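For the sequence shown, the numbering used here gives the first residue as 735, with consecutive numbering after it.
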Amino acid sequence: MTSSLCSIHPLSPSSFRAPRFRLPESRFTSTHFTLASYTNPNSSSTTLPRRFSFGFSLNLHVDRRRIRPVVAAGPMFFPENPLAGDTFAMIFSGCFALSILRIYEETARRGIFDQKLNRKLVHTTIGLTFMLCWPLFSSGHQGAVMAALIPGVNIVKVLLIGLGIWKDEATVKSMSRDGDYRELIKGPLYYASTIALSSLIYWRTSPIAIAAICNLCAGDGMADIIGRRFGTEKIPYNKDKSYAGSIAMAAAGFIVSVGYMHYFSMFGYFEESWQMILGFLVVSVVSALVESHPISTTFDDNLMVPLTSLLLGTLVF
């Protein structure tokens, strides 16, 4: 029994699959799903019944030698009607992200946090919160498009505010450094575009999307928060950056990337492996180095960090 349980999540070279070679996704319903064996029916296996609080049961047929990963094809709600399920997932995810954004708008309006800290809290949490909702959608192009519509709406909103067409002081205070509405067509626009494109192009079966969003949100966000508080020792080639901020960025981006790797692997979107963990480490460290360079300050961190993550992620994953 012990060996069977330990073989459920193998972390070995054979477990890694590049996004373009990922396994086809099977149907997941709200009733049950099964973890089947690669081997013939006569192979020894163990059945582990599990009942969850959602009201459905799970039977795991665990082979002693090799496991086929469970892959959720979704959507989580109304699986018999993918369009209705994706629509409900989009509404739920949008309301969830909007409620968090509203909280930060209120903290900005009331002056609870320093404006720069408030902005970075928004920066760190919104994208990661949205990515938590990805399993609610169906697999394939439809689910990706429906999910990408949420940051897509935010892109339109940021453009309207940044161009002065729409007045929204609360949003400006929560997203800008100095309270200038024109800042929104730079950093916040790059931020929303990264999340939208990661959803639309890479989606949840690719570690590239995880690397891009986690290094942009957790990495870049923590670099500023930690750097301002503990960054007394500056980097020689860029006096605006500190060792503490760069180390915090690399560590936060890497740790959160590994966390989301495990999160998505539990749904069967891909198989976690030591090679993938090493890839996340490489992407996070290089992204932190690029963020510390003066060119990143010139063009904006929200542009350079995701570009680095996407380009390097294409090479290492």
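Built from N, CA and C at the ideal position, the CB exists for glycine as well. Being a predicted model, the structure only gives us computed values, none of them experimental.
Residues of the same chain with a CB within less than 6 Å of the CB of Gly1047, apart from the 5 flanking positions on each side, are Ile942, Ala945 and Val1017 in chain order. DSSP places Ser976 in the uninterrupted beta strand (DSSP E) bounded by Asn972 to Ser976. Under the 10 Å beta carbon count, Ile846 is surrounded by fewer than 16 other beta carbons and is classified as exposed. The C-beta of Pro1028 has fewer than 16 other C-beta atoms within 10 Å across all chains shown, which makes the residue exposed. Inclusion of Phe864 and Ala823 in the CB contact set at 7 Å is not warranted, their separation being larger than that value. Within the same chain, and ignoring the five residues on either side of Ser976 in sequence, the residues whose Cβ sits closer than 8 Å to its Cβ are Gly961, Phe964, Gly965, Thr966, Glu967, Lys968 and Ile969. Out of Leu1037, Lys901, Gln876 and Phe830, the CA that lies nearest to the CA of Thr859 is found in Phe830.
Contact between Phe1004 and Thr928 does not hold, since their C-beta atoms are separated by about 20 Å, which reaches or exceeds 8 Å. As DSSP reads the structure, Ile969 sits in a beta bridge with Asn972. Taken through DSSP and simplified to helix, strand or coil, Met1010 comes out as helix. The beta carbon of Leu1037 lies closer than 7 Å to those of Tyr924 in the same chain, with the five residues before and after it left out. Tyr1003 carries a coil assignment under DSSP once its states are collapsed to helix, strand and coil. Remark: C-beta atoms of Asn888 and Ala926 approach each other more closely than 7 Å. Under the DSSP assignment, Asp820 falls in the alpha helix (DSSP H) whose first and last residues are Pro816 to Arg844. Burial is judged here by how many other beta carbons sit within 10 angstroms of a residue's own beta carbon; Ala878 has at least 16 and is buried. Where Thr928 is concerned, the enclosing alpha helix (DSSP H) starts and stops at Gly921 to Leu931. DSSP places Ser873 in the coil class of the three-state scheme, outside both helix and strand. Cβ-Cβ distances below 6 Å link Ser1043 to Ala945, Ala946, Asn949, Val1017 and Ser1021 in the same chain, with the five nearest sequence neighbours on each side left out; the list follows chain order. If you check the CB distance, Tyr994 and Ser908 do not come in under 7 Å. Note on Glu1025: 16 or more other CB atoms within 10 angstroms of its CB, so buried under the neighbour-count rule. With a cutoff of 7 Å on beta-carbon distance, Asp820 and Gly921 are scored as not near each other. DSSP places Lys850 in the helix class (H, G or I) of the three-state scheme. Across the set Phe1001, Pro1040 and Ser999, the C-alpha of Pro1040 shows the shortest separation from the C-alpha of Val1019. In this structure, Gly953 sits near Ala986, with a CB-CB distance shorter than 7 Å. For Lys907, the enclosing alpha helix (DSSP H) stretches over residues Glu903 to Met909. Distances from the CA of Val856 to each of Ser833, Trp868, Cys867 and His875 were compared; the closest alpha carbon is that of Ser833. Pairing Lys850 with Gly955, the inter-Cα distance amounts to about 11 Å. When DSSP states are grouped into helix, strand and coil, Trp868 belongs to the helix group. Residues of the same chain with a CB within less than 6 Å of the CB of Ala957, apart from the 5 flanking positions on each side, are Gly979, Ala982 and Met983 in chain order. The three-state secondary structure of Gly861, taken from DSSP, is helix.
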